[in-house]
Amino acid sequence: MSVVIVGTLDTKGEEIGFARDVITAQGVDVHVVDTGVMGDPVFEPDTSAAEVAEAGGGSLADLRDSGERGEAMDVMGRGAAEVATRLYEAGDLDGILGLGGSGNTSIATAAMRDLPVGVPKVMVSTMASGDVEPYVGATDVTMMYSVADIEGLNQLSRRIIANAALAVVGMVTHEADVEVEEKPTVGLTMFGVTTPCVQTAREYLESEGYETIVFHATGTGGRAMEDLVRQGIIDGVLDVTTTEWADEHVGGVLNAGPERLDAPGEVGIPHVVSVGALDMVNFGPRDSVPEAFADRTFHEHNPQVTLMRTTPEETAAIGEIIAGKLNDADGPVAVYLPLAGVSMLDVEGEDFHDPEADEALFDALREHLTDDVDLVEMETDVNDDEFALAMARRLDELMRESGRA
164 MSVVIVGTLD TKGEEIGFAR DVITAQGVDV HVVDTGVMGD PVFEPDTSAA
214 EVAEAGGGSL ADLRDSGERG EAMDVMGRGA AEVATRLYEA GDLDGILGLG
264 GSGNTSIATA AMRDLPVGVP KVMVSTMASG DVEPYVGATD VTMMYSVADI
314 EGLNQLSRRI IANAALAVVG MVTHEADVEV EEKPTVGLTM FGVTTPCVQT
364 AREYLESEGY ETIVFHATGT GGRAMEDLVR QGIIDGVLDV TTTEWADEHV
414 GGVLNAGPER LDAPGEVGIP HVVSVGALDM VNFGPRDSVP EAFADRTFHE
464 HNPQVTLMRT TPEETAAIGE IIAGKLNDAD GPVAVYLPLA GVSMLDVEGE
514 DFHDPEADEA LFDALREHLT DDVDLVEMET DVNDDEFALA MARRLDELMR
564 ESGRA
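Shown next, in the form of structure tokens:
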């Protein structure tokens, strides 16, 4: 077993050396990757900073001469990711540990995010008590707050660093005694306002012998699902809730980026898609909504989440974007439209009921989807059991036809 430690040996060498010693005392090998740019390492690493810079497409000498911190972070982050991937593929990385402030947190977590889900990843960071999304992304990075700055060894830093080191040791040396049954795996996307649909579909698919993984469509959820598709972990997708495209197009806070909906088509796996929660854009507390949207229709989901109704112009544009994505897919695709409402809030009598906006969305999909994409329209809302079962059965059919069931 081997743990890779990523850190700046010019500024955090003492602390990294301590973590190394804690791990080796447990009988686990350590490979230290130096990401320090400006000074000499406190001790000799297994992979030098010069090697990391070269792996990142740069030169350590050039980075030192330029003194551009941002450039150095980019190069060393790419290099650390490349080095970690090589070590993992060679069987020399069973877990990874990082220590540092904002700089090495950025570098070390870049390496962690490039490793497969399930590889133990622990980052001790001064940034861990704030917004960690830029560091964690859509992966399983474990963030541990350092409480004090990682600057010298003392009674506090020794305890925290030792805890992190022992946590990694425990992860790499113990196998969970859990029976794993090999089943084809389906990814589903869900929001609170599409939960009944996903629950019904999930129960049906599991009764047909599938394992299901449900992703909360909060931006990182959609990205995580598509990452797992690309890794080959997910065999088919029931994309009930494509709401992240509303945030991406309009400017909400839960967008999944412009590549959302790409992965199933790239890999060629069965993909059944609906328009769940495309009636809404997500913001934080009400006073965080941009002033430009002041005259829009809102629903306060809770004190921390404010939802804004999409307009016909926005839904038409989103429908065209989604159609373009699905038209490019290499695998089988079917699209299901719930004509009586795309979320709990979009049915008659609820805050976001807007037949004009829904029809603009449906019309855009009707107009722009090619004949290669199966388009099914149903006179139900998205949470009707009939609608959920129709999508689940269609995905099961496509999975069986493609030999993935």
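Numbering of the sequence shown is given in our numbering, commencing with residue 164 and proceeding in unit increments. For each residue, glycine too, the CB sits at the ideal point set by N, CA and C.
**Message:** What does the Cβ neighbour count give for lysine 175, buried or exposed, with the cut at 16 atoms within 10 Å?
**Reply:** Burial check for lysine 175: the Cβ neighbour count within 10 Å reaches 16 or more, so the residue is buried.
**Prompt:** Which word fits valine 280, buried or exposed, when buried means at least 16 other C-beta atoms lie within 10 angstroms of its C-beta?
**Reply:** Counting of Cβ neighbours within 10 angstroms places valine 280 among the exposed residues, the total staying below 16.
**Asked** Which whole runs of the alpha helix (DSSP H) in the stretch 409-436 are 4 residues long or more, in chain order?
**Response** Inside the stretch 409-436, DSSP marks whole alpha helix (DSSP H) runs of 4 or more residues at positions 426-430, from first to last along the chain.
**Short Cβ contact (9 Å threshold) for tryptophan 408 with alanine 426** = No, they are not a contact pair.
**Cut-off 6 Å between Cβ atoms - residues of its own chain near alanine 527, not counting five sequence neighbours on either side** = Excluding residues within five positions, the ones whose Cβ falls inside 6 Å are Ala479, Gly482, Glu483.
**Prompt:** Residues in its own chain within less than 8 Å of glycine 240 by CB, not counting five upstream and five downstream?
**Reply:** Non-local C-beta neighbours of glycine 240 in its own chain, meaning closer than 8 Å and more than five positions away in sequence, comprise Gly219, Ser269, Ile270, Ala273, Ala274, ordered along the chain.
**Prompt:** If you compare alpha carbons, which of Ile376, Val361, Val335 is closest to glycine 350?
**Reply:** Ranking the options by Cα distance to glycine 350, first place goes to Ile376.
**Request:** For arginine 567, I'd like the list of residues in its chain whose CB is within less than 8 Å of its CB, leaving aside the five on either flank, ordered along the chain.
**Result:** Pro347, Asp398, Gly399, Ile432, Pro433, listed in sequence order.
**Request:** Below 6 Å CB to CB, which residues in the same chain sit around alanine 497 once its five sequence neighbours on both sides are set aside?
**Result:** Correct list, in chain order: Val435, Asp537, Arg557.
**Request:** Give the secondary structure of asparagine 317 by DSSP, where H, G and I count as helix, E and B as strand, and everything else as coil.
**Result:** Coil, per DSSP.
**Asked** Would the stretch 284-300 and the stretch 185-196 be scored as touching if the rule is three or more Cβ pairs under 8 Å?
**Response** When C-beta atoms of the stretch 284-300 are compared with those of the stretch 185-196, fewer than three pairs fall below 8 Å, so the two segments do not count as touching.
**Asked** Roughly how many whole angstroms lie between the Cα atoms of aspartate 534 and threonine 363?
**Response** In a straight line, the C-alpha of aspartate 534 is about 29 Å away from that of threonine 363.
**Asked** Which value, in whole angstroms, describes the spacing of the CA atoms of alanine 243 and alanine 213?
**Response** Rounded to the nearest angstrom, the two C-alpha atoms are 11 Å apart.
**Message:** Could you tell me the alpha carbon to alpha carbon distance between glycine 261 and threonine 210, rounded to whole angstroms?
**Reply:** Glycine 261 and threonine 210: Cα-Cα distance of roughly 14 Å.
**Item:** Span separating the alpha-carbon of phenylalanine 461 from that of aspartate 491
**Value:** Those two C-alpha atoms are separated by around 34 Å.
**Whole alpha helix (DSSP H) elements within the stretch 256-298, 4-residue minimum** = Annotation: the stretch 256-298 contains the following complete segments of the alpha helix (DSSP H) (minimum length 4 residues), in chain order: 265-276.
**Request:** Count the CB pairs spanning the stretch 382-389 and the stretch 449-457 that are closer than 8 Å, and state whether there are at least three.
**Result:** Taking 8 Å as the limit for Cβ pairs, the verdict is that the stretch 449-457 does not touch the stretch 382-389.
**Asked** Around the C-beta of phenylalanine 206, are 16 or more other C-beta atoms found within 10 angstroms, so that it is buried, or is it exposed?
**Response** Classification of phenylalanine 206: exposed, given that the 10 Å Cβ count is below 16.
**Message:** Can you give me the C-alpha to C-alpha distance between arginine 563 and proline 495, rounded to a whole angstrom?
**Reply:** If you draw a straight line from the Cα of arginine 563 to the Cα of proline 495, it comes to about 12 Å.
**Where histidine 531 sits in the DSSP three-state scheme** = Helix, per DSSP.
**Message:** Could you check whether leucine 368 and leucine 401 sit closer than 9 Å to each other, using their CB atoms as the reference points?
**Reply:** Taking 9 Å as the Cβ cut-off, leucine 401 and leucine 368 qualify as a contacting pair.
**Request:** Give the single residue among Ile485, Ala486, Met443, Leu489 whose Cα lies nearest to the Cα of leucine 470.
**Result:** Nearest C-alpha to leucine 470: Met443.
**Message:** Below 8 Å on the Cβ atoms is my contact criterion, and I expect proline 466 with proline 448 to pass it. Report the Cβ-Cβ distance as a whole number of Å.
**Reply:** About 6 Å separates the beta carbon of proline 466 from that of proline 448, a gap short enough to meet the 8 Å contact definition.
**Asked** Which one or two residues does DSSP pair with aspartate 458 in a beta bridge?
**Response** According to DSSP, which records beta bridges pairwise, aspartate 458 is partnered with nothing at all.
**Request:** Please list, in chain order, all residues of the same chain as methionine 164 whose beta carbon is under 7 Å from its beta carbon, the five residues on each side excluded.
**Result:** Cβ neighbours of methionine 164 within its own chain (closer than 7 Å, five residues either side excluded): Val191, Asp192, Asp257, Val335, Thr336.
**Request:** Can you tell me which of Asp312, Val468, Ala330, Ala235 puts its alpha carbon nearest to the alpha carbon of glycine 264?
**Result:** Looking at the Cα atoms, Asp312 is the closest of the given residues.
**Message:** The alpha helix (DSSP H) that contains serine 165, what's its start and end?
**Reply:** Unbroken run through serine 165 is the beta strand (DSSP E), 165-170; no alpha helix (DSSP H).
**Prompt:** Would you call the CB atoms of tyrosine 251 and leucine 278 closer than 9 Å?
**Reply:** Yes, these two residues count as a Cβ contact at 9 Å.
**Request:** State yes or no: is the C-beta of valine 196 within less than 9 Å of the C-beta of glycine 221?
**Result:** Cβ atoms of valine 196 and glycine 221: not closer than 9 Å.
**Message:** With DSSP as the reference, identify every bridge partner of glycine 399, one or two as the case may be.
**Reply:** Answer is Val349, bridged to glycine 399.
**Message:** Spatial neighbours of glutamate 245 within its chain, please: C-beta separation below 7 Å, excluding the five flanking residues on both sides.
**Reply:** Contacts found: Ala218, Gly219.
**Request:** Pick out the complete beta strand (DSSP E) segments inside the stretch 442-506, 3 residues or longer, and give them in chain order.
**Result:** Complete beta strand (DSSP E) runs here, min 3: 443-446, 461-465, 468-472, 496-501.
**Message:** Restricting to Cα atoms, I'd like to know which of Gly202, Asp517, Ala486, Thr404 is closest to threonine 473.
**Reply:** That would be Asp517, whose Cα lies nearest to the Cα of threonine 473.
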